[in-house]
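S.K.: Residue numbers (the numbering used here): 5 to 70.
Glycine is no exception: its CB is placed at the ideal position from the N, C-alpha and C atoms.
Please read all numbers here as calculations on a predicted model, not as lab measurements.
Below is one structure. I have some questions about it.
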């Protein structure tokens, strides 16, 4: 998962500031079911290395966003 975090930081650092507030995915399943997530929320989760960040990073890879 470390590579996914590094990949995320590369993508995030290249985003225009205004883009970081936009929703990039919707979490499916669990207590976060159907929750929209922005780039900024993902960064907070990745910074904290949370369980949710692992799910989101996996989903972003599947969507080929990183």
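Given a threshold of 16 other Cβ atoms within 10 Å of its Cβ, counted over all protein chains shown, does residue 21 qualify as buried or as exposed?
M.R.: As a working note, residue 21 is residue 17 in the chain shown. Exposed, by the Cβ-count rule.
S.K.: Please check the pair residue 56 and residue 36, which I expect to be a contact at CB under 8 Å, by giving their CB distance rounded to whole angstroms.
M.R.: Against the chain shown, residue 56 aligns to sequence position 52. Against the chain shown, residue 36 aligns to sequence position 32. Yes, they are in contact, since the Cβ atoms of residue 56 and residue 36 sit about 6 Å apart, within 8 Å.
S.K.: What residue range is occupied by the uninterrupted alpha helix (DSSP H) comprising residue 49?
M.R.: For the purposes of this step, residue 49 is identified with residue 45 of the chain shown, where counting begins at 1. If you look at residue 49, you'll find it in the alpha helix (DSSP H) that goes 43-52.
S.K.: Residue 39 bridges to which residues according to DSSP?
M.R.: Within the chain shown, numbered from 1, the residue matching residue 39 stands at position 35. Residue 39 is bridged to 31.
S.K.: Mind checking which residues open and close the alpha helix (DSSP H) that includes residue 62?
M.R.: Translated into the one-based positions of the chain shown, residue 62 becomes position 58. 55-66 is the span of the alpha helix (DSSP H), which, as asked, contains residue 62.
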